[in-house]
Amino acid sequence: MVSYKEIQASNALINDATAPRVSVFVGGTSGVGKFTIRALASTGASVKIYLVGRKSSEEPTRAFIQELNTINPKAHIIWTEGEVSLLADVKRVCEGIKEKESRVDLLFLSAGYAPFGTRKETSEGLELCQSLEYYSRMLFILHLLPLLRQSEAPRVISVLGGGMENSRINIDDPDLKQPGNFGAMKGQMQYIAMNTIFLEKLASENPDVTFIHSWPGWVDTGNARRGWDEGSILARVFAFVVETLIYFFGFSHEESGQRHLFESTSAAFGGRGIPWGGKPGVNSLGKAENGLFLVDYKCDCRLNAKVMSTLREKDQGKIWEHTKNLLQPYL
Ligand SMILES: NC(=O)c1ccc[n+]([C@@H]2O[C@H](COP(=O)([O-])OP(=O)(O)OC[C@H]3O[C@@H](n4cnc5c(N)ncnc54)[C@H](OP(=O)(O)O)[C@@H]3O)[C@@H](O)[C@H]2O)c1
Numbered sequence: 043m044v045s046y047k048e049i050q051a052s053n054a055l056i057n058d059a060t061a062p063r064v065s066v067f068v069g070g071t072s073g074v075g076k077f078t079i080r081a082l083a084s085t086g087a088s089v090k091i092y093l094v095g096r097k098s099s100e101e102p103t104r105a106f107i108q109e110l111n112t113i114n115p116k117a118h119i120i121w122t123e124g125e126v127s128l129l130a131d132v133k134r135v136c137e138g139i140k141e142k143e144s145r146v147d148l149l150f151l152s153a154g155y156a157p158f159g160t161r162k163e164t165s166e167g168l169e170l171c172q173s174l175e176y177y178s179r180m181l182f183i184l185h186l187l188p189l190l191r192q193s194e195a196p197r198v199i200s201v202l203g204g205g206m207e208n209s210r211i212n213i214d215d216p217d218l219k220q221p222g223n224f225g226a227m228k229g230q231m232q233y234i235a236m237n238t239i240f241l242e243k244l245a246s247e248n249p250d251v252t253f254i255h256s257w258p259g260w261v262d263t264g265n266a267r268r269g270w271d272e273g274s275i276l277a278r279v280f281a282f283v284v285e286t287l288i289y290f291f292g293f294s295h296e297e298s299g300q301r302h303l304f305e306s307t308s309a310a311f312g313g314r315g316i317p318w319g320g321k322p323g324v325n326s327l328g329k330a331e332n333g334l335f336l337v338d339y340k341c342d343c344r345l346n347a348k349v350m351s352t353l354r355e356k357d358q359g360k361i362w363e364h365t366k367n368l369l370q371p372y373l
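Sequential numbering of the sequence shown, starting at 43, is according to the working numbering.
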């Protein structure tokens, strides 16, 4: 485990020269993304942050942006409205960013929740949580890769369940559309594995970009309440149990933000960034070099080697092709 003291010491070295100067946060209107933005702004470094969120969150986010400007007058926060569950809107948002920026240093993706209730589809025909946790995230990456490649230390972080992959994903029905294939656990397992295997292929094609699939552990963000059908008694019982566990065993907002800022900036993952004197992080291929890192809540790198080997052999090609075909109209 990387201790909280080590995390804080590393983050204390973030300044104008070492900070990710241009970041895009999708999912930063609440939870882990929001805590990470706060931690980044609190470094006092000169940073520009595109905060992408849906229209309904613009008003509630105004006070947060004011808070950030007070903490750090050198933080330039650009509210960017986008319905990120819709791939057409992801494309529109990315094109807007590409018009204004020549480079992006950090792309931080954390929108989503587990699909506990009945299956809900977006107007584009995708299961809502799968779109938020997988397709929309991968589309952001594909669009912004040319800008990331212009950075000296580009980094992409997808917050979901790195290291928790399960090899029993449904490869014949990747979008879980057939009756009986969809469910909260089946969905989350499918989206976690799809994230990892697509990111690993992206990492192999973009050796200069550092990719992290983060598993944040338990953090009290209200996430356990999302995704349920309205009025569900099971939802209340579930939220009570989970939130009690999180209360006793979860990370504070502050620590979660600091840990994800460390993941966003430390050379522990791939060698570039804030110098790291500890054990170098090991990528998903078991090597202490750049690539995809499956980083858990302790900021340790996991391998999940047996499962990953099966996924690589059996599913990676199919998921890659399926995803590229599905996203093609929005590229
Ligand atoms: N928190 C945990 O303990 C935990 C544990 C393991 C994994 N995770 C996963 O890690 C990721 C980040 O978790 P978190 O707790 O930070 O999440 P969160 O705070 O509950 O939500 C993160 C973001 O998702 C956006 N979002 C939710 N529904 C949306 C929709 N229908 N359309 C557009 N945006 C939507 C939210 O936007 P609004 O502000 O507009 O609602 C928010 O910006 C999630 O995928 C979660 O499943 C979380």
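Ideal Cβ placement from N, Cα and C applies to all residues, glycine included.
Compute the minimum distance between the beta carbon of residue i and the heavy atoms of ligand 3, and state whether it is under 8 Å.
i: Ser-65; result: In terms of ligand content, the structure shown lacks ligand 3 and carries ligand 1 instead.
Can you tell which of the options has the C-alpha that lies nearest to the C-alpha of residue i?
i: Glu-331; options: Ala-347, Asp-338, Gly-312 and Gln-370; result: Gly-312
i: Cys-341; options: Leu-189, Val-349, Gly-320 and Thr-352; result: Gly-320
i: Pro-102; options: Trp-257, Asp-357 and Lys-76; result: Lys-76
i: Glu-242; options: Leu-186, Thr-78 and Leu-334; result: Leu-334
i: Gly-299; options: Arg-80, Ile-56, Ala-51 and Ser-65; result: Arg-80
i: Leu-287; options: Glu-297, Arg-301, Lys-360 and Ala-266; result: Ala-266
i: Pro-216; options: Leu-202, Ser-209, Gln-232 and Val-201; result: Gln-232
i: Leu-353; options: Leu-110, Thr-307, Pro-157 and Ser-209; result: Ser-209
i: Glu-247; options: Gly-95, Val-126 and Trp-362; result: Trp-362
i: Glu-355; options: Asn-367, Ser-52, Leu-184 and Ile-239; result: Ile-239
i: Ile-183; options: Asp-147, Val-283, Cys-343 and Phe-282; result: Asp-147
i: Gly-359; options: Val-337, Asp-214 and His-185; result: Asp-214
i: Trp-257; options: Asp-357, Arg-344, Lys-47 and Ala-54; result: Arg-344
i: Ile-234; options: Cys-171, Gln-220 and Ala-195; result: Cys-171
i: Leu-383; options: Lys-47, Glu-285, Arg-63 and Lys-329; result: Outside the shown range of the chain, which is 43 to 373, sits residue 383, and nothing can be said about it.
i: Lys-142; options: Ala-83, Lys-162, Leu-186 and Thr-78; result: Leu-186
i: Glu-194; options: Asn-114, Gln-230 and Asp-250; result: Asp-250
i: Phe-106; options: Lys-97, Ala-87 and Leu-93; result: Leu-93
i: Ala-87; options: Asn-237, Val-337 and Leu-303; result: Leu-303
i: Thr-122; options: Pro-115, Ile-91, Glu-296 and Ile-113; result: Ile-91
i: Phe-282; options: Asp-262, Ile-211 and Asp-338; result: Asp-262
i: Gly-229; options: Glu-285, Leu-168 and Gly-273; result: Leu-168
i: Arg-96; options: Glu-125, Pro-221 and Arg-161; result: Glu-125
i: Leu-181; options: Asn-212, Asn-114, Gln-192 and Glu-137; result: Glu-137
i: Gly-328; options: Glu-296, Ser-351, Glu-285 and Asn-212; result: Ser-351
i: Met-236; options: Ile-119, Pro-221 and Gly-203; result: Gly-203
i: Tyr-46; options: Pro-317, Leu-336, Glu-297 and Tyr-372; result: Glu-297
i: Pro-221; options: Pro-188, Arg-161, Ile-139 and Glu-166; result: Arg-161
Could you check if residue i belongs to the surroundings of ligand 1, using beta carbon to heavy atom distance under 8 Å?
i: Ala-156; result: yes
i: Arg-270; result: A small fix is needed here, since residue 270 is Trp in this sequence, not Arg. Not so, every heavy atom of ligand 1 lies at least 8 Å from the Cβ.
i: Asp-262; result: yes
i: Leu-149; result: no
i: Ser-144; result: no
i: Val-201; result: yes
i: Ile-288; result: yes
i: Ala-266; result: yes
i: Trp-257; result: yes
i: Ala-61; result: no
i: Arg-96; result: yes
i: Ser-127; result: yes
i: Lys-76; result: yes
i: Gly-70; result: yes
i: Gly-313; result: no
i: Leu-174; result: yes
i: Leu-168; result: no
i: Ser-99; result: yes
i: Gly-333; result: no
i: Ala-7; result: This structure leaves residue 7 out entirely; the chain is present only between 43 and 373.
i: Gly-387; result: Residue coverage of the chain in this structure runs from 43 to 373, which leaves residue 387 outside it and unanswerable.
i: Gly-205; result: no
i: Gly-138; result: no
Could you check whether residue j and residue i sit closer than 9 Å to each other, using their CB atoms as the reference points?
i: Asp-271; j: Gly-159; result: yes
i: Gly-205; j: Asn-346; result: yes
i: Ala-226; j: Gly-269; result: yes
i: Arg-145; j: Gly-315; result: no
i: Val-349; j: Glu-207; result: yes
i: Phe-253; j: Ile-199; result: yes
i: Ser-65; j: Ser-306; result: yes
i: Val-89; j: Arg-301; result: no
i: Thr-85; j: Asn-111; result: no
i: Glu-51; j: Leu-82; result: Checking the sequence, you will find Ala at residue 51 rather than Glu. No.
i: Val-201; j: Val-284; result: no
i: Tyr-339; j: Phe-290; result: no
i: Ala-245; j: Ser-326; result: yes
| query | Between the segment 58-73 and the segment 144-156, do three or more beta carbon pairs fall short of 8 Å? | reply | yes
| task | Check whether the segment 116-136 touches the segment 176-194, counting contact only when three or more Cβ pairs, one atom from each stretch, lie closer than 8 Å. | result | yes
| query | Unbroken beta strand (DSSP E) runs of length 3 or more, entirely within the segment 155-224: which are they? | reply | 197-201
| Inside the segment 342-369 only - alpha helix (DSSP H) runs reaching at least 4 residues | 347-356 and 358-369
| request: Only counting runs of 4 or more residues, tell me where the alpha helix (DSSP H) segments fall wholly within the segment 240-316, in order along the chain. | output: 275-291 and 295-307
| Segments of 3+ residues assigned as beta strand (DSSP E) that fall wholly inside the segment 65-102 | 89-95
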